[in-house]
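**Q** Shown below is the structure under consideration.
Chains as they are written, first to last, in this note's numbering: chain R, 2 to 110; chain V, 491 to 980.
Below, the structure is given as structure tokens:
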């Protein structure tokens, strides 16, 4: 994945799916992996690269929230402004992207 | 699948993640592991929701395999092999790791050397209570001829319930090898209170070989029992391995041949040997410490004064030798290094109690590991080529353990003085400041810095009244921009 300053980012299909999954509300690693159906050895390295290129950023959730739900804290990912722009470009490039990954609300319905 | 199996699989998964985390550059490692561990929890919840099955565990394991690829990608992308090694290089963990590896290596070698096993076994053995060596001359020397012993044995004894005799000779065996052979009266093991297999047949004497000889000459072959062996001009049958108690007896025989009194009287009646006696109740009452004064007829029939001495361990075994050498090394340590050369100027930023406790614990761990290495390596050197008890080996063990402990402890203390008081890394990048011959009144010496950016170390090249010892200077937050390593802030 190469991203030039000031030009439109060209994302791989995997990266585009990850951005779309995060945008759709799947915000931590396993949920993203489960949604896009790719193995962990592909998804996590791709997320590292997206974070390195500042298309996404990560944040640990508060321990108190995790304690309340009796699970370990999650590392949540969210799109940056550059990530949103790249996702828009990727949607134009891959028109079926939105239909491949429904939002969490759509899935619940 | 049982609950225990599920726990075992989970432990394996965690161990795999921990192993994969070692591939990740050090600054990112902790967070990387934390994230994968959290993700693993979700994966297990999802895959094992319908009960733990083999295929579900395989699925979880497949998820964990991805961690290795992720770790490799991170390492490749960050290109921080140098940073990783720099963070490990000189760290307290690395130091302890090397010392542990050295200790384990020395301990494994020590377990494999037969001489050490024999010596430890021998030092644990204690001769039967009440057995004394009767001596006419110097300590533990062969001093009583068989004819005198026979005369004593035929008389009624006041202090003894039984007497036994043996003498040692160097004799050639098959293959031209020389062994120390003990010709003992057949009451030897009864007096020692040891059960040995009865053997012997007409014309062939039973022989017991020492543990050392069994290992050395027969390569620990279990099939050696019952075989015939020619020693000198006679044939003997090996009936067993001599019990460990015999290792303590003077003469350190390789082969013990039990012979009837007539045979011993025929071969060398005037040759001096060793006589041991089992004290009777009245004999024990006469004991003065570990000796008893005895008056008995000598060669010419006149009564001579002798003494009976208990055969206590002479050295106390390898542990006692090591402890003595360690004590001497500790006493000698101040002569070769300054024990109190720690920082003197760290008042502006006193490390927390936890940090100081960690530092003290690190020093204690180093000293303990060095002592352990001293013990094992000393034994390894002493018994490298010795298969049984040897006074020379004990001497060598003492010398080796003393030297290793002395210089090892010195190294541990010197190393401690070159470690950052905060993160325990070794200070690096030495810079020479000033030249003593040019600026005698100005400061001159060497400056070193902690790679974590915690402190500067000033070591004067010429100790003066105003700067006699090394000093630490704490680096405040204005130095942060120079140090990218997050460990700086830990």
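Just so it is clear, CB atoms sit at the ideal spot from N, CA and C, and this is done for glycine as well.
#1: Is it buried or exposed for residue 794 (chain V), if we count other Cβ within 10 angstroms and need 16 for buried?
#2: Mind checking who residue 605 (chain V) pairs with in its DSSP beta bridge?
#3: Could you tell me whether the Cβ atoms of residue 553 (chain V) and residue 41 (chain R) are closer together than 7 Å?
#4: Beta-carbon separation of residue 944 (chain V) and residue 912 (chain V) under 7 Å?
#5: For residue 533 (chain V), decide whether its Cβ has a neighbour in chain R, counting only Cβ atoms nearer than 7 Å.
#6: Compare the C-beta of residue 65 (chain R) against all C-beta atoms of chain V and say whether one is closer than 7 Å.
#7: With a threshold of 7 Å between beta-carbons, can residue 45 (chain R) be considered close to chain V, or not?
#8: Going by other Cβ atoms of all chains shown within 10 Å of its Cβ, with 16 needed for buried, is residue 960 (chain V) buried or exposed?
#9: Helix, strand or coil: how does DSSP classify residue 785 (chain V) here?
#10: Express the C-alpha separation of residue 550 (chain V) and residue 507 (chain V) in angstroms, rounding to a whole number.
#11: Report the CB separation of residue 715 (chain V) from residue 726 (chain V) in whole angstroms; it is logged as a contact under 8 Å.
#12: With a cut-off of 8 Å, do at least 3 Cβ pairs link the segment 29 to 36 of chain R to the segment 68 to 78 of chain R?
#13: Can a CB atom of chain V be found closer than 7 Å to the CB of residue 26 (chain R)?
#14: Quick one: list the residues of chain V neighbouring residue 76 (chain R), beta-carbon separation under 9 Å, in chain order.
#15: Using only the alpha-carbon positions, how far apart do residue 604 (chain V) and residue 500 (chain V) sit?
#16: Quick one: is residue 1 (chain R) near chain V, going by C-beta distance under 7 Å?
#17: Determine the chain R residues that contact residue 567 (chain V) at a beta-carbon separation under 8 Å, and present them in chain order.
#18: Tell me, please, whether the CB atom of residue 553 (chain V) is closer than 7 Å to any CB atom in chain R?
#19: Kindly list, in the order they appear in chain R, the residues whose Cβ is closer than 8 Å to that of residue 560 (chain V).
#20: Is the beta carbon of residue 760 (chain V) less than 7 Å from the beta carbon of residue 635 (chain V)?
#21: Among the candidates V:954, V:885, V:722, whose CA atom is the shortest distance from the CA of residue 667 (chain V)?
#22: DSSP three-state label for residue 779 (chain V), please.
#23: Determine the direct distance from the alpha carbon of residue 750 (chain V) to that of residue 648 (chain V), and round the result to whole angstroms.
#24: For the beta strand (DSSP E) that contains residue 746 (chain V), what are its first and last residues?
#25: Where residue 743 (chain V) and residue 770 (chain V) are concerned, what is the direct C-alpha to C-alpha distance, given to the nearest angstrom?
#26: Consult DSSP for residue 741 (chain V) and reduce its assignment to one of helix, strand or coil.
#27: Return the bridge partner residues of residue 814 (chain V) from the DSSP annotation.
#28: Assuming the contact rule is C-beta atoms closer than 8 Å, residue 672 (chain V) and residue 658 (chain V) should be a hit. Round their C-beta distance to whole Å, please.
#29: For residue 895 (chain V), go through chain R and note every residue whose CB falls closer than 7 Å to its CB, in chain order.
#30: Short of 7 Å in beta carbon distance, which residues of its chain neighbour residue 773 (chain V), apart from the five on each side in sequence? Order them along the chain.
#31: Could you name the residues of chain R that residue 563 (chain V) contacts, counting a contact when the two beta carbons are closer than 7 Å?
#32: Helix, strand or coil for residue 539 (chain V), going by three-state DSSP, please let me know.
#33: How would you call residue 57 (chain R), buried or exposed, if buried means at least 16 neighbouring beta carbons within 10 angstroms?
#34: DSSP on residue 722 (chain V), reduced to helix/strand/coil?
#35: Rounded to the nearest angstrom, what separates residue 575 (chain V) and residue 587 (chain V) at their Cα positions?
**A** Reading it off the structure:
#1: exposed
#2: Answer is none; residue 605 (chain V) lacks a bridge partner.
#3: yes
#4: yes
#5: yes
#6: no
#7: yes
#8: buried
#9: strand
#10: 12 Å
#11: In fact, because the Cβ distance is near 13 Å, the residues do not count as touching under 8 Å.
#12: yes
#13: no
#14: 521, 524, 525, 528, 529
#15: 42 Å
#16: Within the shown structure, residues of chain R are numbered from 2 to 110, placing residue 1 (chain R) beyond reach of any answer.
#17: 49, 50, 53
#18: yes
#19: 41, 42, 45, 46, 49
#20: yes
#21: V:722
#22: coil
#23: 24 Å
#24: 745 to 749
#25: 27 Å
#26: coil
#27: Note: residue 814 (chain V) sits in no beta bridge, so no partner.
#28: 5 Å
#29: Correct list: empty, because the minimum Cβ distance to chain R is about 47 Å.
#30: 649, 650, 782
#31: 46, 49
#32: coil
#33: buried
#34: coil
#35: Here the model assigns residue 575 (chain V) a pLDDT of 49, short of 50, so the residue's position is not dependable, and the following value carries that caveat. Distance between the alpha carbons of residue 575 (chain V) and residue 587 (chain V): 14 Å.
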